[in-house]
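Asks: I'd like to ask some things about the structure below.
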Amino acid sequence: MSSSTKRLASWREIPIGGAITEPGNSVKRPTGDWRVFKPVINQERCVRCYLCWVFCPEPAIKILDKPYKTASGREWKVTFEVDYDFCKGCGICVEECPVKAIDFIEEVK
Amino acid sequence: MEKDLWIRIPLSSNYAAAYAVKDVDVDVVAAYPITPQTTVVEKIAEFIANGELNAEMIHVESEHSALSACIGASAAGARVFTATSAQGLELMHEMLHIASGLRLPIVMAIAARALSAPLSIWGDYSDVMNTRDSSWITIIASTAQEVYDSIIQAYKVAENPDILLPVMVAYDGFTMSHTYEPVYVARDRSIILDYVPKKRPSWNVLDVEKPITMGVVANPDWYYEFKYQQVVAMEKSPEVLKEAFQEFEKRFGRSYGFIETYNLENSKIGILTYGGLYGTVTEAIDYMKKMGMNVAAIRLRVFRPFPYEELLKVVKNLEALIVIDRAISFGATLEGPVAMELATMAYKKGLDIALHSYIASIGQRTVTEEDVIAIVKNTTALLEKGVKVTEKSIYWGVRL
Ligand code: SF4
Ligand code: SF4
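Sequence lines, in order, name chains A and B. Numbering-wise (this note's numbering), the first sequence opens with residue 1 and increments by one. Numbering-wise (this note's numbering), the second sequence opens with residue 1 and increments by one.
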């Protein structure tokens, strides 16, 4: 029995065969809680090349309309950030980043 | 039966299955050849090559792939078919549960065959009985005509939105799959398609206009409910099967039920079996009648859902029931799979009946009318000794 206080649907109320009939509903179920290591993008080093965004299998790389100015004065129109609700910590982005701008830090709970 | 709507031709049960597939206008067939099923699919390939059936034949490298391809096609809403035997059915086993779990109305023919090792290509029901808990509706035919008719009925039941479970139609390997009988087949398949119309599925299928996900993970909070849905569908299936049989009879004049009986009146002993062996049993009953013995024959036609309500009606006036099983459940309380069901039924319904479990025809060991008569004599002697339920199943014909 579920210990959750929220009442879950009965067998009558769910589509047969376990079909998911609501497209795009994966956003409702965060899957990022089983990560062991988390990628952290160093905004100073990142050259906005999009490679992490291309390679992330989730996808959990967000491209934000958030300008960023580096310490050396370089100005970027966008910022790359990790969506930790969905990042599973696979490390592919860390591996693919050509300028080693992504640190991989052990999650401590 | 309106005579001009049908042609009567000699067909093996395998060919009868292929004719049914043609006449229900199946869209996709995926199968791998295995004796004694092979000629089912060969015949279908011929129909496709001749332009008599417009279907996609997917050539696969194994039975696991055959049923996988059927699952994919059925998920996309196609009417699909496959056929197999023995090891092929075993190799499909994983996918059997996926087909039923995804609630796909797939229909499969099985030329029932013994399982290896040692290798036997011959008929028995070890393969079919191994699928018992896979949530497939299981029909066991005993004539080629019944194979043709059952496959047509199978689509009617499988595609009922209240059921959506796959259906297998089994029959004896070789003694039925490769012997010829006269069979009525539709002169024009439109009469069959009026009975099993091809409509756009009203259930969930893969459709780009209406995207869904199939084959998901269900964690402990959800899995149980999906399995219970299958329980409910199986519980509902007797009603739907009955309607399908009745409508079939009304349209085509051929009558089928969950069970069939012979010489039930005045008999105190009944013999229950399934598949082609029923013919041998009814022959033996005619001989016994001439010898002054009244024995009834009962044929189990639907194995899943197990028709205990119907069986109860026919066995309740008998004093003893002989169950001849054609597969062995090694190590079970009674090793005959159907005998076990009968024992449960008798207990559940408080039925006071002697139950003698026999195993016979394993690996197609011949069972003759003389064997059937000898089984009845053996049971009569056991009853005189007061044996109500056989301690073990009796392995008829094995060399001791
Ligand atoms: S660790 Fe994996 S999942 Fe997370 S952002 Fe990087 S590539 Fe995506
Ligand atoms: S791959 Fe590295 S440099 Fe390229 S956008 Fe991602 S974090 Fe920035």
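Don't be surprised by glycine CBs; every beta carbon is placed ideally from N, CA and C.
Start and end of the beta strand (DSSP E) containing Leu355 (chain B)?
Replies: Residues 354 to 359.
Asks: Give, in chain order, every residue of the segment 211 to 229 of chain B whose Cβ lies closer than 7 Å to some Cβ of chain A.
Replies: Listed in sequence order: Pro211, Ile212, Thr213, Met214, Val216, Ala218, Asp221, Glu225, Phe226, Tyr228, Gln229.
Asks: Any idea if Ser26 (chain A) is buried or exposed, counting beta-carbon neighbours within 10 angstroms, 16 or more meaning buried?
Replies: It counts as exposed.
Asks: Shorter than 7 Å, the distance from the beta carbon of Ile101 (chain A) to the closest heavy atom of ligand 2, or not?
Replies: Note that residue 101 (chain A) is Ala in the sequence shown here, rather than Ile. Yes.
Asks: Since Asn204 (chain B) meets chain D, which of its residues come closer than 8 Å, beta carbon to beta carbon?
Replies: Included in the structure are the protein chains A and B, with no chain D among them.
Asks: Pick helix, strand or coil for Ser116 (chain B), following the three-state DSSP scheme.
Replies: If DSSP states are grouped into helix, strand and coil, Ser116 (chain B) belongs with coil.
Asks: Work out the CA separation of Val29 (chain B) and Ser190 (chain B) for me, nearest whole Å.
Replies: Looking at the two C-alpha atoms, the distance is approximately 20 Å.
Asks: Alpha carbon to alpha carbon, what distance is there between Gly123 (chain B) and Phe37 (chain A)?
Replies: Taking the straight line joining both Cα atoms gives about 57 Å.
Asks: Which stretch, first to last residue, makes up the alpha helix (DSSP H) that contains Thr79 (chain A)?
Replies: That residue, Thr79 (chain A), is in no alpha helix (DSSP H); its beta strand (DSSP E) goes 79 to 82.
Asks: In terms of DSSP beta bridges, what is Thr273 (chain B) paired with?
Replies: Its beta-bridge partners are B:Arg299.
Asks: Sort B:Leu67, B:Lys199, B:Ser100, B:Ile212 by Cα distance to Gly24 (chain A) and report the nearest one.
Replies: Of the listed residues, the one whose Cα sits closest to Gly24 (chain A) is B:Ile212.
Asks: Starting from Lys236 (chain B), trace the alpha helix (DSSP H) in both directions and tell me its first and last residue.
Replies: Here the alpha helix (DSSP H) through Lys236 (chain B) covers 223 to 252.
Asks: Using a C-beta cutoff of 8 Å, does Gly386 (chain B) count as contacting chain A?
Replies: Closer than 8 Å: no.
Asks: For Gly101 (chain B), return the contacting residues in chain A, with the cut-off set at a CB-CB distance below 7 Å.
Replies: Per Cβ cutoff of 7 Å: Gly17.
Asks: Going along the segment 149 to 174 of chain B in order, which residues come within less than 7 Å of chain A, judged by CB to CB distance?
Replies: The segment 149 to 174 of chain B vs chain A, Cβ under 7 Å: Leu164.
Asks: Looking only at its own chain, which residues have a Cβ that is under 7 Å from the Cβ of Asp172 (chain B), when we skip the five neighbours before and after it?
Replies: The answer, listed in chain order, is Ala112, Gly123, Gly275, Gly276.
Asks: With DSSP collapsed to three states, give me the class of Trp396 (chain B).
Replies: Residue state, collapsed to three classes: coil.
Asks: Considering only heavy atoms of ligand 1 and the C-beta of each residue, which residues fall inside 7 Å, strictly closer?
Replies: Here the list is A:Pro39, A:Cys52, A:Phe55, A:Cys56, A:Pro57, A:Glu58, A:Pro59, A:Ala60, A:Ile61, A:Val82, A:Cys87, A:Lys88, A:Gly89, A:Cys90, A:Gly91, A:Ile92, A:Cys93, A:Val94.
Asks: Per DSSP, what are the beta-bridge partners of Arg8 (chain B) in this structure?
Replies: Per DSSP, B:Tyr184.
Asks: Taking Ala218 (chain B) as the reference, which of B:Gly270, B:Leu102, B:Asp352, B:Arg251 has the closest Cα?
Replies: The residue with the shortest Cα to Cα distance from Ala218 (chain B) is B:Leu102.
Asks: Leaving out five residues on either side along the sequence, give the residues of the same chain with a beta carbon under 7 Å from the beta carbon of Arg365 (chain B).
Replies: Around Arg365 (chain B): Gly397.
Asks: Taking only the alpha-carbon atoms, compute the straight-line gap between Val208 (chain B) and Lys3 (chain B) and give it to the nearest angstrom.
Replies: Rounded to whole angstroms, Val208 (chain B) to Lys3 (chain B) spans 45 Å at the Cα level.
Asks: Is Val314 (chain B) near Ile298 (chain B), with beta carbons less than 8 Å apart?
Replies: Yes.
Asks: Who are the near neighbours of Leu53 (chain B) in its chain, counting only those whose CB is closer than 6 Å to its CB and skipping five residues on each side?
Replies: Cβ within range, chain order: Lys22, Phe47.
Asks: What's the gap between the Cα of Thr143 (chain B) and the Cα of Ile34 (chain B)?
Replies: Those two C-alpha atoms are separated by around 21 Å.
Asks: Within 10 angstroms of the Cβ of Trp136 (chain B), are there 16 or more other Cβ atoms? Answer buried if so, exposed if not.
Replies: Trp136 (chain B) is buried by the Cβ-count criterion.
Asks: Can you tell me which of B:Phe330, B:Val295, B:Leu241 puts its alpha carbon nearest to the alpha carbon of Glu310 (chain B)?
Replies: Comparing Cα-Cα distances from Glu310 (chain B) to each of B:Phe330, B:Val295, B:Leu241, the minimum goes to B:Leu241.
Asks: To the nearest angstrom, how far is it from the Cα of Ala233 (chain B) to the Cα of Ile163 (chain B)?
Replies: Cα-Cα distance, rounded: 5 Å.
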